[in-house]
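Only one structure is covered here, and it is reproduced in the block below.
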Amino acid sequence: MPDLPTPQDAAEAVLFTESWDAVLSYADLCTSGAASATELASEAFALGIEEARSAGSGPMRGPARRVLPVIPLLLTAVRTTAATWELAGRGHRLDPELRLWLNSEKAARYHDMPLQRPIALRGLRDLQEADAALLWLAEVEALPLPVVARRLSLDPAAVSSELAQVRALFRDRCHRNHLDTPMGAECRSYARLLDAVTRSPAADTPEDLSRHLATCVQCAEAAACLRLAGGGLPAALAGGVIGWGGLAYLERRRRAAEVRLGAGRPAAELEAGEPKEGASKARLVRNSLLAAAVLLSLVALGVSMMPMGGSGHDNTASDDADSQPVGDPAPTLSSVGAHPSGTATSSPRPTASGTATDSGDKNPDTEPQGTASATAGNSPDPTRSSGSGSGSGSGTTAPASCDVTYDLVNQWPDGFQASVTVTTTKALDTWRVAWSYRDGQQVTQMWDASVAQNGSRVTATAADYNKNVAADGSFTFGFLGTWDNSKNSAPYGFTLNGAACE
Numbered sequence: 019m020p021d022l023p024t025p026q027d028a029a030e031a032v033l034f035t036e037s038w039d040a041v042l043s044y045a046d047l048c049t050s051g052a053a054s055a056t057e058l059a060s061e062a063f064a065l066g067i068e069e070a071r072s073a074g075s076g077p078m079r080g081p082a083r084r085v086l087p088v089i090p091l092l093l094t095a096v097r098t099t100a101a102t103w104e105l106a107g108r109g110h111r112l113d114p115e116l117r118l119w120l121n122s123e124k125a126a127r128y129h130d131m132p133l134q135r136p137i138a139l140r141g142l143r144d145l146q147e148a149d150a151a152l153l154w155l156a157e158v159e160a161l162p163l164p165v166v167a168r169r170l171s172l173d174p175a176a177v178s179s180e181l182a183q184v185r186a187l188f189r190d191r192c193h194r195n196h197l198d199t200p201m202g203a204e205c206r207s208y209a210r211l212l213d214a215v216t217r218s219p220a221a222d223t224p225e226d227l228s229r230h231l232a233t234c235v236q237c238a239e240a241a242a243c244l245r246l247a248g249g250g251l252p253a254a255l256a257g258g259v260i261g262w263g264g265l266a267y268l269e270r271r272r273r274a275a276e277v278r279l280g281a282g283r284p285a286a287e288l289e290a291g292e293p294k295e296g297a298s299k300a301r302l303v304r305n306s307l308l309a310a311a312v313l314l315s316l317v318a319l320g321v322s323m324m325p326m327g328g329s330g331h332d333n334t335a336s337d338d339a340d341s342q343p344v345g346d347p348a349p350t351l352s353s354v355g356a357h358p359s360g361t362a363t364s365s366p367r368p369t370a371s372g373t374a375t376d377s378g379d380k381n382p383d384t385e386p387q388g389t390a391s392a393t394a395g396n397s398p399d400p401t402r403s404s405g406s407g408s409g410s411g412s413g414t415t416a417p418a419s420c421d422v423t424y425d426l427v428n429q430w431p432d433g434f435q436a437s438v439t440v441t442t443t444k445a446l447d448t449w450r451v452a453w454s455y456r457d458g459q460q461v462t463q464m465w466d467a468s469v470a471q472n473g474s475r476v477t478a479t480a481a482d483y484n485k486n487v488a489a490d491g492s493f494t495f496g497f498l499g500t501w502d503n504s505k506n507s508a509p510y511g512f513t514l515n516g517a518a519c520e
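Sequential numbering from 19 applies to the sequence shown in the numbering used here.
Right, dumping it as structure tokens:
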């Protein structure tokens with residue numbers, strides 16, 4: 019192992035040993051030679067470890083925060099370091115296809131606004147780090163569960179059930195992130211159907227949804243993350259988190275796991291614990307190659323000198339599963355409307371005039387990161403002016419009684435994401451929702467509605483495709499905004515078509 023940062027303690031030393039092979043494997047994919055691979059891996063490893071230490075990741079010291087597990091964090095550092103090489107005129111040492119990718123819009127997604135990044139990356143980051151590490155080691159690094167349990171200090175008897183729970187939690191995070199992503203009318207119209215289809219392994223994918231998934235990158239990524247059955251989750255994780263070369267890296271890690279474990283070892287032996295490392299591992303590989311040569315030389319005599327492992331059936335089955343389309347054919351679709359695409363309902367709820375009572379860093383595992391909700395009150399708006407709205411459209415609907423829920427979906431030092439859900443007692447042929455902020459917040463981007471802001475007063479006007487609302491129906495729109503990092507209290511004075519909401 020080349021010169022790397024000095025481990026701070028024994029736990030870091032073990033972590034360095036376990037992680038270096040993964041970093042070097044991906045760096046080798048990204049470069050055009052062994053020397054360049056080692057140099058890229060060394061620079062990226064130092065960068066990633068520095069970031070992990072500053073964030074308190076894994077066994078590193080520091081305040082606990084939700085960050086990527088150490089291995090995917092180091093792999094993203096390889097991608098970042100490769101981009102730095104390209105900008106510094108060292109791109110000739112990189113793989114030519116990687117250089118094309120680094121200068122494309124695909125690479126820009128990983129540095130774009132958080133809501134534009136791949137669903138898998140956002141979903142993994144939203145998990146607690148221990149859960150994310152369990153998912154990554156089992157799905158992408160292809161380690162047997164007893165080995166994963168030893169590395170993460172888990173109960174080997176319970177690790178399988180814990181992995182199933184983490185998969186379901188990851189799916190929930192990805193579903194929420196998909197709904198929060200700004201998307202067009204067609205994508206949003208398929209959101210509920212996509213959720214229902216991917217919940218059931220036996221659900222049939224409608225033809226129109228299948229055609230849409232063949233042309234929409236965002237929805238196809240979401241579908242791969244939401245469908246836990248079918249073997250596509252490892253590819254979704256590797257491609258979404260690593261980016262370029264994710265599938266090639268996944269294949270390398272599977273082969274590396276087979277070499278570490280030894281082809282054809284009995285399942286009972288694997289359950290006993292992790293195979294020996296270091297020299298024992300090298301001896302195992304050499305002995306396997308020698309045995310293969312002996313066996314081939316004696317095939318003509320019909321003599322089998324030693325067992326050579328499985329028939330490859332398991333690997334073939336896995337490959338077939340990975341190659342299945344997102345929408346697997348199946349008998350029926352159950353309960354399409356059972357999972358509405360709205361805002362999170364399990365979020366902490368402050369008063370309408372207060373701020374969220376939970377911080378994104380302190381949420382329990384079962385709560386989405388940085389989520390808070392507030393039910394808007396019906397206080398009149400003294401600041402409302404006739405010029406604050408953008409017009410009520412051509413509809414003649416009378417003012418309607420309404421209930422409003424304001425959800426603070428996410429928040430960061432200088433910005434936030436929120437959504438508004440309105441339930442109306444009367445049918446509408448158009449709608450205009452207005453509210454006021456107390457702390458100088460500014461709306462910068464809105465989806466499923468057009469926005470206008472005059473001082474503290476914000477007005478959202480219906481889009482053409484969602485302006486008609488049935489009696490006792492509801493509609494939702496979301497937006498991004500900025501705040502001054504001192505206070506981000508909930509808005510007040512909500513009105514629908516000029517009438518105060520209850």
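By construction, the Cβ of each residue, glycine as well, lies at the ideal position given by its N, Cα and C atoms.
Asked, Found
"Closest Cα partner of A203 within the set T513, R456, F495 and L139", "F495"
"Per-residue burial, N121 [other beta carbons within 10 Å of its own, 16 or more giving buried]", "exposed"
"At least three beta-carbon pairs within less than 8 Å, the segment 227-246 to the segment 260-277", "no"
"F434 - partner residues in DSSP beta bridges", "Q429 and G499"
"Simplified DSSP state of W453, which is helix, strand or coil", "strand"
"Exposure of V32, with buried meaning 16 or more beta-carbon neighbours within 10 Å", "exposed"
"Bounding residues of the beta strand (DSSP E) (the contiguous stretch that carries R475)", "R475 to A480"
"Sufficient close CB pairs (3 or more, under 8 Å) joining the segment 156-163 to the segment 124-135", "no"
"Separation of L92 from L65, as counted between CA atoms", "8 Å"
"Secondary structure of V85, DSSP reduced to three states", "coil"
"Residue from D466, A517 and A275 whose Cα sits closest to the Cα of V166", "A275"
"Distance, S437 Cα to L426 Cα", "7 Å"
"For R456, the nearest candidate out of H193, P509 and W154 (CA to CA)", "P509"
"Beta carbon of W262 nearer than 8 Å to that of L42", "no"
"Under 8 Å between C-beta atoms of E147 and V96", "no"
"Helix, strand or coil at V303 according to DSSP, with G and I counted as helix", "Note on V303: pLDDT 48, under 50, position unreliable in the model; the coordinate value appears next. If DSSP states are grouped into helix, strand and coil, V303 belongs with the helices."
"Stretch pair the segment 480-496 + the segment 446-454: three plus CB contacts closer than 8 Å", "yes"
"Exposure label - T462; buried when at least 16 CB within 10 Å", "exposed"
"Three-state secondary structure (DSSP) of C237", "helix"
"Proximal residues to M78 (C-beta, below 6 Å), its chain only, five neighbours per side dropped", "Residue placement at M78 is poorly supported in this model, since its pLDDT is 43, which falls under 50; the coordinates still yield a value, given next. Excluding sequence neighbours, M78 sits near A70 and R71."
"Three-way DSSP call (helix, strand, coil) for V158 in this model", "coil"
"Cα-Cα separation between A106 and A100, rounded to whole angstroms", "10 Å"
"Status (buried if at least 16 other CB within 10 Å, exposed otherwise) for E180", "buried"
"Cross-strand partners of M464 (DSSP beta bridge)", "F497"
"Residues sharing a beta bridge with N472, DSSP", "R475"
"Residue range of the unbroken alpha helix (DSSP H) whose run includes G511", "Per DSSP, G511 belongs to no alpha helix (DSSP H); it is in the beta strand (DSSP E), Y510 to L514."
"Alpha helix (DSSP H) segment containing Y208, residue limits", "Counting along the chain, Y208 falls outside any alpha helix (DSSP H), and DSSP gives it neither H nor E."
"Residue range of the unbroken alpha helix (DSSP H) whose run includes D144", "I137 to D144"
"Span of the alpha helix (DSSP H), counted from its first residue to its last, around G257", "L251 to I260"
"Simplified DSSP assignment, three categories, for Y424", "strand"
"Option in S218, Q236 and L211 with minimal Cα separation from E225", "L211"
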